[in-house]
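Participant: Got a structure for you, questions after.
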Amino acid sequence: MRQATASIVKPLPDHLFRVHGNSAEMRWESMAGLGYHTPNDRFFVRNHTSTPLIDVTTWQLRVHGPGVRRPHAFTYDELRAMPSRTYDVALECAGNGRRFYRTQQHDGAPGTQWGLGGIGVARWRGVPLKHLLKEVGVLPEAVDVLATGLDEPFEEYGHVRRPLPIAKAMDDVLVAYEMNGVPLPPDHGFPARLVVPGWVGIASIKWLGELEVATEKIFTPWNTVFYADVTTQPIKSAFELPWNARVPLPDVRILRGRSWSGRGRIVRVEVSDDGGLTWREAEHHGHHLAKAWLPWHIEWTPRRTGTRLLMARATDETGATQPLTCTKHPMGYHFDAVVRHPVHVVFG
Ligand SMILES: Nc1nc2c(c(=O)[nH]1)N[C@H]1C(S)=C(S)[C@@H](COP(=O)(O)O)O[C@H]1N2
Ligand SMILES: [Mo]
134 MRQATASIVK PLPDHLFRVH GNSAEMRWES MAGLGYHTPN DRFFVRNHTS
184 TPLIDVTTWQ LRVHGPGVRR PHAFTYDELR AMPSRTYDVA LECAGNGRRF
234 YRTQQHDGAP GTQWGLGGIG VARWRGVPLK HLLKEVGVLP EAVDVLATGL
284 DEPFEEYGHV RRPLPIAKAM DDVLVAYEMN GVPLPPDHGF PARLVVPGWV
334 GIASIKWLGE LEVATEKIFT PWNTVFYADV TTQPIKSAFE LPWNARVPLP
384 DVRILRGRSW SGRGRIVRVE VSDDGGLTWR EAEHHGHHLA KAWLPWHIEW
434 TPRRTGTRLL MARATDETGA TQPLTCTKHP MGYHFDAVVR HPVHVVFG
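Numbering-wise (my numbering), the sequence shown opens with residue 134 and increments by one.
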């Protein structure tokens with residue numbers, strides 16, 4: 134079955150996505166057995182309005198403002214001719230996990246009720262933003278870089294736009310034009326988007342039209358009203374299992390999942406099947422990248438039928454561990470508590 138939204142161009146089959154208004158959440162079971170990256174066909178989409186279809190032959194990326202010496206409008210061909218870099222980086226919506234404030238902590242927050250599927254890891258290729266800024270002669274007085282999207286204005290707030298502090302802009306930000314080896318799909322920002330490693334998804338502006346380099350702090354609704362006090366993403370873990378999965382006895386199961394943190398590498402993942410009384414350490418496999426995620430697995434032998442709550446808890450290199458409950462954020466961001474994932478053990 135196909136789910137419909139007028140906002141998103143790519144197909145949203147039911148087994149890959151759960152649709153929330155203009156956005157679509159990846160189902161975690163669709164990552165089961167897959168490699169490190171999230172394929173483009175199941176990568177989550179978060180749109181404020183709807184995906185624009187942009188003509189790349191007339192498209193330009195204007196880089197200007199008082200913080201640059203030589204403003205320039207880059208064409209697609211110019212951008213693609215510049216030296217490129219490739220990053221494996223996670224993109225995650227700040228609201229990812231918001232639903233669990235309500236379902237686990239009985240203190241819900243308004244906004245899209247994401248489960249854990251507002252995250253994906255892709256291989257992004259593009260031009261480091263610092264190279265682009267050097268090309269236009271960025272000045273030492275530069276303070277903020279305001280990225281503006283070409284999608285339709287959002288309500289009365291205008292085009293989606295958010296300033297990036299110059300220090301981050303000159304660090305590891307990419308102006309990406311490729312996602313997992315192909316040109317950016319329309320829903321993910323074609324022809325070019327920012328990719329801001331470790332930061333909330335809203336920093337990674339899609340359908341880039343403009344970069345304004347300012348010599349004073351910039352304020353837009355996207356750093357004052359929405360996503361005001363959020364920068365880096367906290368730590369989370371997910372099982373590659375359907376919600377309410379049916380598990381037949383007496384199988385020995387390999388439970389698989391992934392953990393991630395915008396603040397550093399994951400150093401430990403533990404799993405509990407008894408409500409957090411006892412924990413066993415999961416084994417890591419695959420890549421182990423700081424700005425993406427860590428895949429893990431653990432053997433599990435359910436011994437009797439019934440409903441079980443599986444829990445995974447990760448620790449990152451800053452020493453942060455997922456708590457059992459977390460402090461409520463008024464906008465529902467920053468959910469980092471352990472998620473209790475129900476499975477039903479049945480006779481095989
Ligand atoms: N121009 C523009 N950029 C945007 C958005 C948008 O609606 N318009 N949504 C932001 C948000 S809130 C997130 S979480 C990410 C989602 O990226 P994706 O749809 O490629 O997964 O894009 C960000 N960039
Ligand atoms: Mo987001």
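Note that beta-carbon positions come from the ideal geometry of N, C-alpha and C, so glycine has one too.
May I ask which residues mark the beginning and end of the beta strand (DSSP E) holding PRO261?
Facilitator: As a working note, residue 261 is residue 128 in the sequence shown. 252 to 261 is the extent of the beta strand (DSSP E) around PRO261.
Participant: Assuming PHE372 is part of the beta strand (DSSP E), what are its boundary residues?
Facilitator: Translated into positions along the sequence shown, residue 372 becomes position 239. Per DSSP, PHE372 belongs to the beta strand (DSSP E) from 369 to 372.
Participant: In angstroms, rounded to a whole number, what distance separates the CA positions of TRP355 and HIS474?
Facilitator: Residue numbering aside, residue 355 sits at position 222 when the sequence shown is read from its first letter. Residue numbering aside, residue 474 sits at position 341 when the sequence shown is read from its first letter. Going by the C-alpha atoms only, they are around 32 Å apart.
Participant: Keeping to the same chain, check which residues put their C-beta closer than 6 Å to that of MET134; ignore five residues upstream and five downstream.
Facilitator: Residue mapping note: residue 134 aligns to position 1 of the sequence shown, counting from 1. Bear in mind that the predicted position of MET134 carries a pLDDT of just 49, short of 50, making it unreliable; the figure below should be weighed with that in mind. The answer, listed in chain order, is ASP147.
Participant: In angstroms, rounded to a whole number, what distance separates the CA positions of THR191 and GLU343?
Facilitator: The sequence position of residue 191 within the sequence shown is 58, counting from 1. The sequence position of residue 343 within the sequence shown is 210, counting from 1. Distance between the alpha carbons of THR191 and GLU343: 14 Å.
Participant: Please tell me whether, using a cut-off of 7 Å, the distance from the CB of ASP284 to the nearest non-hydrogen atom of ligand 1 is below it.
Facilitator: Residue 284 sits at position 151 when you count from the first residue of the sequence shown. For ligand 1, at least one heavy atom lies less than 7 Å from the Cβ of ASP284.
Participant: Can you tell me the Cβ-Cβ gap for SER217 and ARG256, rounded? I've got them flagged as a contact below 8 Å.
Facilitator: The sequence position of residue 217 within the sequence shown is 84, counting from 1. The sequence position of residue 256 within the sequence shown is 123, counting from 1. About 12 Å; that fails the 8 Å criterion.
Participant: I think VAL346 touches LEU266, with their Cβ atoms under 8 Å apart; what is that distance to the nearest whole Å?
Facilitator: Counting from one through the sequence shown, the residue named residue 346 turns up at place 213. Counting from one through the sequence shown, the residue named residue 266 turns up at place 133. That belief holds up - the Cβ atoms of VAL346 and LEU266 are roughly 7 Å apart, short of 8 Å.
Participant: To which residues of the same chain is ALA157 closer than 8 Å at the C-beta, ignoring the five residues directly before and after it?
Facilitator: In the sequence shown, counting from the first residue as 1, residue 157 sits at position 24. Contacts found: GLN136, THR138, ILE141, LEU145, PHE150, ARG151, PHE177 and VAL178.
Participant: Per DSSP, TYR220 forms a beta bridge with which residues?
Facilitator: Taking the sequence shown and counting its residues from 1, the one referred to as residue 220 is at position 87. Answer is TRP257.
Participant: Would the C-beta of ILE335 count as close to ligand 1, meaning under 7 Å from any of its heavy atoms?
Facilitator: Here residue 335 is taken as the residue at index 202 of the sequence shown, counted from 1. The answer is yes for ILE335.
Participant: Does ligand 1 have a heavy atom nearer than 7 Å to the CB of VAL278?
Facilitator: As a first step, residue 278 is located in the sequence shown; it is residue number 145 there, counting from the start. For ligand 1, not one heavy atom lies less than 7 Å from the Cβ of VAL278.
Participant: DSSP on GLU288, reduced to helix/strand/coil?
Facilitator: Sequence index remark: in the sequence shown, residue 288 carries index 155 (1-based). The answer is helix: DSSP assigns GLU288 an H, G or I state.
Participant: Please say whether ARG389 and ALA165 have beta carbons closer to each other than 8 Å?
Facilitator: Counting from 1 along the sequence shown, the entry for residue 165 is found at position 32. Counting from 1 along the sequence shown, the entry for residue 389 is found at position 256. Yes.
Participant: Heavy atom of ligand 1 less than 7 Å from the Cβ of HIS321, yes or no?
Facilitator: Here residue 321 refers to the residue found at position 188 of the sequence shown. Under cutoff, so the answer is yes.
Participant: Start and end of the alpha helix (DSSP H) containing ARG213?
Facilitator: For the purposes of this step, residue 213 is taken as residue 80 along the sequence shown, with counting starting at 1. Unbroken alpha helix (DSSP H) run through ARG213: 209 to 214.
Participant: Of all Cβ atoms in chain B, is any one closer than 8 Å to the Cβ of THR184?
Facilitator: No chain B appears in the structure shown, which is made up of a single protein chain.
Participant: When you compare the stretch 179 to 199 with the stretch 272 to 291, are there three or more beta-carbon pairs, one atom per stretch, that lie closer than 8 Å?
Facilitator: Yes, they touch.
Participant: Closer than 7 Å: is that where the CB of ARG295 sits relative to any heavy atom of ligand 2?
Facilitator: Taking the sequence shown and counting its residues from 1, one reaches residue 295 at position 162. No, since every heavy atom of ligand 2 falls outside the 7 Å radius drawn around the Cβ of ARG295.
Participant: Could you tell me the distance, in whole angstroms, from the CA atom of LEU249 to the CA atom of TRP161?
Facilitator: Walking along the sequence shown from the start, residue 249 turns up at place 116. Walking along the sequence shown from the start, residue 161 turns up at place 28. Taking the straight line joining both Cα atoms gives about 8 Å.
Participant: With H, G and I counted as helix, E and B as strand and the rest as coil, what does DSSP make of PRO319?
Facilitator: Along the sequence shown, one-based indexing puts residue 319 at 186. Helix at PRO319.
Participant: Taking the Cβ atom as the reference point for each residue, do GLY314 and LYS339 lie within a distance shorter than 8 Å?
Facilitator: Indexing the sequence shown from 1 puts residue 314 at position 181. Indexing the sequence shown from 1 puts residue 339 at position 206. The answer is no: Cβ separation not under 8 Å.
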